[in-house]
Amino acid sequence: MSKAIAGPEIERMIQLLSRLPGLGPRSARKAALSLLKRREDLLMPLADALSAAVDRITHCSECGNVDTVSPCSLCRDGRRDRSVVVVVEEVGDLWALERAAAINGVYHVLGGHLSPLDGVGPDNLNIPRLLERASSGEVKEVILALNATVEGQSTMHYIKERLAPTNVAVSEIQKGVPIGGELDYLDDGTLAAAIKSRRRI
Amino acid sequence: MAPSLSLERLSLTDFRNYAHVVIETGPGPIVLFGLNGSGKTNILEAISLLAPGQGLRRAPYPDLLRAGANGGWAVAARVNSRSGRAEIGTGFSPSAAAGQRAGTGRVVRIDGEPAGGSGALADFVEIVWLTPAMDGLFTGPASERRRFLDRLVLCFDPGFRSLAGRFERATQSRNRLLADGVRDNARLEGVEIIMAEAGTAIAAARISTVRRLCDVIAARRLRDPDSPFPWSGIELEGSLESALASAPAVDVEDSYARRLASMRERDRAAGRTLEGPHRSDLIVSHGPKNMPARLSSTGEQKALLIGLVMAEAELIAMRHSGSAPLLLLDEITAHLDDRRRDGLFSEILRLGAQAWMTGTDLSAFSALSGQATMLRVADAGLHSVHA
Chain D
1 MSKAIAGPEI ERMIQLLSRL PGLGPRSARK AALSLLKRRE DLLMPLADAL
51 SAAVDRITHC SECGNVDTVS PCSLCRDGRR DRSVVVVVEE VGDLWALERA
101 AAINGVYHVL GGHLSPLDGV GPDNLNIPRL LERASSGEVK EVILALNATV
151 EGQSTMHYIK ERLAPTNVAV SEIQKGVPIG GELDYLDDGT LAAAIKSRRR
201 I
Chain W
1 MAPSLSLERL SLTDFRNYAH VVIETGPGPI VLFGLNGSGK TNILEAISLL
51 APGQGLRRAP YPDLLRAGAN GGWAVAARVN SRSGRAEIGT GFSPSAAAGQ
101 RAGTGRVVRI DGEPAGGSGA LADFVEIVWL TPAMDGLFTG PASERRRFLD
151 RLVLCFDPGF RSLAGRFERA TQSRNRLLAD GVRDNARLEG VEIIMAEAGT
201 AIAAARISTV RRLCDVIAAR RLRDPDSPFP WSGIELEGSL ESALASAPAV
251 DVEDSYARRL ASMRERDRAA GRTLEGPHRS DLIVSHGPKN MPARLSSTGE
301 QKALLIGLVM AEAELIAMRH SGSAPLLLLD EITAHLDDRR RDGLFSEILR
351 LGAQAWMTGT DLSAFSALSG QATMLRVADA GLHSVHA
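So the protein sequences, as listed, match chains D and W.
Note that the UniProt record's numbering numbers the first sequence so that position 105 is 105, with each residue one more than the last.
Note that the UniProt record's numbering numbers the second sequence so that position 44 is 44, with each residue one more than the last.
Next up, the structure:
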């Protein structure tokens, strides 16, 4: 922003909002104006929610999820199958799997992926805790639900190798044709992966 | 035969030396002539940006903005493509790019709708070009010949770009791990498996494209044994490419992964990965003389290159039931004797391609009189000539 258009408090608010993903300076100004206009029903509740988050939100000591309690509510949920651990890169991936109600297991959030080009190694990720969990005897299967990127796939290989000495079954999610997708529109790499991972019916 | 790809209307805005220029053209060849430095090649460069990639000079996008212009540059065209008629446009605005994350590409629009990236242009525009910068293709570094081949591979295999990106990213990751002194087998293996997978697929895609090109060259030899453009013998040189000739892809993949594992210390010392498809070469020979193209005379090399580029154009045309790609031929008549010049023009007319040719002298194109649009380039504008 070249020139300040409001007092320092408002400028600071716009500046911080513009650092959120998907918000540029223009939409941050819009969001700030909207908050200021709706002081009672939006700005104050949001401020309270944010300050409560600062006070209470923490990372789960078990799985790395974010919640107000540790272990998190998913790890405490007695109806979940604790013998199946789904490994994901980010909390967002966990939310996606939960939204789809895809599996009734528990999770393990790595907090990213191995990326030599960004200087991220195994020590920067929540991998030691995963190995502890896998060797505790309670876990029977680890499902690796990582991204199909270069980094996601090399992270998967690394974890698979690290889990080899434990006796848990390790599996990976399939790559291939999306539900409702047409083969004609798929890229070659996805098609090749789909053929490679075919199964007998 | 399907009609060839052609531009009906081309407009440049604040591009290189042009403030604003509009060219309306028919489907036939176009000759741009004028003095050195008048901006003929700039027009070809603008057209080359209507296809995916970085354009024929591979210039950074900010450099394309006309000196003294404030906003951004734009190139727009109405094209008659095999997917029908379309309005396509591309441009880049340095100020808009500065507001976004670093490394943003150019903007692309198709029929007024923003497209994800320049890759979307592949459905509409295919271009084959030949510029004086390519004169050293046979004597220069292997990387130039790989790029030449890979551009053709992309026409047949749109997934090739992401494959190449995957290989490059995995290779960079491995180089970094080696440089950082990481000796953890599981970490190195993780990226080497991806390199082996992508690398083998890259080699296989190149092999199938070279095979197609060889077929076209053989057919051209039969059709025109006295062509002024000698036929080229082409083959791929590379460890994965030769392994694929005698073993199934899965085995080649496995053995490349194993070799990568065994070469870690050597690659660590070298500071790069010494084996892979990023080291392959396209070996071209002068067919009739059975000698390496790089040992041929300058004139012969140019004739070989023209023959190769025309074979490439013909291959793309065959794939689209005869619809030829655009041809951009920069300073094409230089170093050509009369026989070769006339031979080239009749090849272009036979292919039915909209060829955009540049030259300093209109008389060199007199054989095309009545069949091509002649435009004089001067004072940052274009002027029709009725020859």
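Where a beta carbon is used, it is the ideal one built from N, C-alpha and C, also for glycine.
Everything numeric in this text was worked out from a predicted model, so none of it was measured.
Between residue 61 of chain D and residue 103 of chain D, the alpha-carbon positions lie close to 21 Å from each other. In this structure, DSSP gives residue 14 of chain W an extended state, which the three-state scheme calls strand. For residue 53 of chain W and residue 108 of chain W, the gap between their C-alpha atoms comes out near 12 Å.
Under the 9 Å criterion on CB atoms, residue 15 of chain D is classed as non-interfacial with respect to chain W. Between residue 74 of chain W and residue 15 of chain W, the gap from beta carbon to beta carbon is short of 9 Å. Cβ contact annotation for residue 108 of chain D (same chain, cutoff 6 Å, sequence separation greater than five): 63, 85, 87 and 130, in chain order. Residue 68 of chain D counts as exposed, since fewer than 16 other beta carbons sit within 10 angstroms of its beta carbon.
Where residue 186 of chain W is concerned, the enclosing alpha helix (DSSP H) starts and stops at 185 to 223.
Judged by beta-carbon spacing, residue 280 of chain W lies within the 9 Å limit of residue 236 of chain W, meaning their Cβ atoms are closer than that value. Among the residues of the segment 147 to 174 of chain W, those with a Cβ less than 7 Å away from any Cβ of chain D are 157, 159, 162, 163, 166, 169, 170, 172 and 173, in the order of the chain. Residue 36 of chain W has no beta-bridge partner at all, per DSSP. Collapsing the DSSP output to three states places residue 5 of chain W in coil.
Ranking W:137, W:78 and W:141 by CA distance to the CA of residue 112 of chain W puts W:78 first. DSSP assignment within the segment 85 to 170 of chain D yields the following whole alpha helix (DSSP H) runs of 4 residues or more, N-terminal first: 91 to 99, 127 to 134 and 150 to 163.
For residue 78 of chain W, the enclosing beta strand (DSSP E) begins and ends at 73 to 81. Here residue 67 of chain D carries a strand assignment [DSSP, helix/strand/coil].
In this structure residue 209 of chain W is not in contact with residue 274 of chain W, their Cβ atoms being roughly 25 Å apart against a cut-off of 8 Å. Between residue 110 of chain D and the set D:55, D:116, D:89 and D:20, the nearest pair of CA atoms involves D:89. Per DSSP, residue 237 of chain W lies in no alpha helix (DSSP H) segment; the continuous beta strand (DSSP E) that holds it begins and ends at 232 to 237.
Taking a beta-carbon distance threshold of 9 Å, residue 191 of chain W counts as an interface residue toward chain D. Selection W:322, W:370, W:170 and W:307 evaluated against residue 135 of chain W yields W:307 as nearest (Cα-Cα). The continuous beta strand (DSSP E) containing residue 114 of chain W extends over residues 113 to 115. Contacts with chain W at 9 Å (Cβ-Cβ) include residue 187 of chain D. Spatial neighbours of residue 35 of chain D in its own chain (CB-CB distance under 6 Å, excluding positions within 5 residues in sequence) are listed in chain order as 42 and 43. The C-beta of residue 114 of chain W has fewer than 16 other C-beta atoms within 10 Å across all chains shown, which makes the residue exposed. For residue 84 of chain W, the secondary structure class from DSSP, reduced to helix, strand or coil, is strand. In this structure, the alpha-carbon of residue 197 of chain D lies about 7 Å from that of residue 175 of chain D.
Identification of chain D residues near residue 187 of chain W by a Cβ-Cβ cut-off of 7 Å yields 114 and 158, ordered along the chain. A check of alpha carbon separations from residue 357 of chain W across W:8, W:13, W:12 and W:42 identifies W:42 as the nearest.
Of the candidates W:282, W:171 and W:154, W:154 places its Cα closest to the Cα of residue 187 of chain D. Between residue 203 of chain W and residue 240 of chain W, the beta carbon gap of about 4 Å places them in contact (Cβ cut-off 8 Å).
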